[in-house]
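Accompanying notes for the structure given below.
There are 2 protein chains.
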Amino acid sequence: MSTKAKGTHAERELFHMLWDQGFAVLRCAGSGSTTKPAVDLIAGNRTHFLAIECKALKGKAKYLSQDDIEQLLTFAQQFGAEAWLAVRFDNKGWRFIEAQKIEKSKGNSFVVSYEWLQKQGVGFEDLIQ
Amino acid sequence: MSTKAKGTHAERELFHMLWDQGFAVLRCAGSGSTTKPAVDLIAGNRTHFLAIECKALKGKAKYLSQDDIEQLLTFAQQFGAEAWLAVRFDNKGWRFIEAQKIEKSKGNSFVVSYEWLQKQGVGFEDLIQ
């Protein structure tokens, strides 16, 4: 599966996981096609609103662009939602972290690793509470 | 412009109108590609959350399927948003009406006309307040 297909697959998986837990969820239309900030998923259950950027990860770590994180933070703040990064690791499942907690690594990029997300991130049960 | 292109054009116009008024807005990815209820646009400004189905209209009236209205109502209720139908009339601009106020006409379809929306619907200023 290509990297892009893997990302779409992960996004759809999370879409259905959230519906199954009582959230109404929308997948965003081609977020590259607009100059406005966008996120992959927006979910709400009347009390919680989640703006989510999804990443699928084969290796142990992933670099994220400053633009990815800034769009997520900007959109979530203006909408009135929590800003979450969702990372699906091959064979290890999902970890979630609030975008505010992601720190810059070097230059203008951000890095998230499986080990760091095991310590600092949360599982699906904590995301939906 | 084809009916479909006209619909997409109207949706994009409303997308930008809402951003210009301080809402964060997402356009939904191909709402026909999932079995879950979907809407065209979701918008939030920290205090108001709007789930919107958009229609573009050349003539004086439009029939809507029961499915269109039910998906809008179901999604909005589960998400925690107001359910709005947005109709753009050629040369006459936008009118908006809450989905709960749309009444069945004959059989299982709903009809919205320009005259009816002039009386029962609201303008953009009222939508965003």
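Just so you know, the sequences run in chain order A and B. Here our numbering is used: the first residue of the first sequence is 1, the next is one more, and so on. Here our numbering is used: the first residue of the second sequence is 1, the next is one more, and so on. We put the CB at the ideal spot given by N, CA and C, even for glycine.
Opening and closing residue of the beta strand (DSSP E) in which residue i lies
i, result
"Ala43(A)", "Leu41 to Gly44"
"Ala51(B)", "Phe49 to Leu57"
"Lys135(B)", "Outside the modelled stretch of chain B, which goes from 1 to 129, sits residue 135(B), for which no answer is possible."
"Ala86(A)", "Glu82 to Phe89"
"Phe110(A)", "Ser109 to Ser113"
"Ala24(A)", "Ala24 to Arg27"
Alpha-carbon spacing of residue i relative to residue j, whole angstroms
i, j, result
"Ala56(B)", "Glu82(B)", "20 Å"
"Leu26(B)", "Ala38(B)", "12 Å"
"Tyr114(B)", "Gln120(B)", "10 Å"
"Ser65(A)", "Asp90(A)", "21 Å"
"Leu127(B)", "Lys58(A)", "45 Å"
"Lys92(B)", "Ala5(B)", "18 Å"
"Glu13(B)", "Thr74(A)", "21 Å"
"Phe110(A)", "Ser109(B)", "51 Å"
"Ser105(B)", "Arg88(A)", "47 Å"
"Ala61(B)", "Trp116(A)", "57 Å"
"Leu141(B)", "Thr8(B)", "Because residue 141(B) is not part of the residues shown, which for chain B are 1 to 129, the question remains open."
"Thr10(B)", "Met1(B)", "It should be pointed out that residue 10(B) corresponds to Ala in this sequence rather than to Thr. Their Cα atoms are separated by approximately 12 Å."
"Phe44(A)", "Cys54(A)", "Here the sequence assigns Gly to residue 44(A), which means Phe is not the residue at that position. Distance between the alpha carbons of Gly44(A) and Cys54(A): 16 Å."
"Asp40(A)", "Gln129(A)", "20 Å"
"Phe23(B)", "Met17(B)", "9 Å"
"Ile42(A)", "Ala86(B)", "21 Å"
"Gln118(A)", "Ile52(A)", "18 Å"
"Arg95(A)", "Leu72(B)", "31 Å"
"Ala99(A)", "Gln78(A)", "15 Å"
"Lys36(A)", "Gly80(B)", "23 Å"
Limits of the alpha helix (DSSP H) - the one that residue i falls within
i, result
"Glu103(A)", "That residue, Glu103(A), is in no alpha helix (DSSP H); it is neither H nor E in DSSP."
"Ile97(A)", "It is not in any alpha helix (DSSP H) - Ile97(A) instead sits in the beta strand (DSSP E) that spans Gly93 to Glu98."
"Lys4(B)", "Thr3 to Asp20"
"Phe36(A)", "Note that residue 36(A) corresponds to Lys in the displayed sequence, not to Phe. From DSSP, Lys36(A) is part of no alpha helix (DSSP H); its letter is neither H nor E."
"Phe147(A)", "Chain A is shown only over 1 to 129; residue 147(A) falls outside these bounds and no answer can be derived."
Proximity test, Cβ basis, 9 Å: residue i and chain B
i, result
"Phe79(A)", "yes"
"Phe23(A)", "yes"
"Ile102(A)", "no"
"Lys92(A)", "no"
Proximity test, Cβ basis, 9 Å: residue i and chain A
i, result
"Val112(B)", "no"
"Ala83(B)", "no"
"Ala86(B)", "no"
"Ala29(B)", "yes"
"Ile42(B)", "yes"
"Val136(B)", "Chain B is shown from 1 up to 129; residue 136(B) falls before or after that span and cannot be answered."
"Leu127(B)", "no"
"Phe96(B)", "no"
"Ala99(B)", "no"
"Leu26(B)", "yes"
beta-carbon residue i near the ligand MG non-hydrogen atom, thresh 8 Å
i, result
"Ala5(B)", "Only the bare structure without any ligand can be found here, which leaves the ligand MG out of the picture."
Relative to chain A, which residues along the segment 44-73 of chain B have a C-beta separation below 8 Å, given in chain order?
Gly44, Asn45, Arg46, Thr47 and Phe49
Output, in sequence order along the chain, the residues in the segment 1-21 of chain B whose CB is closer than 7 Å to any CB in chain A.
Trp19
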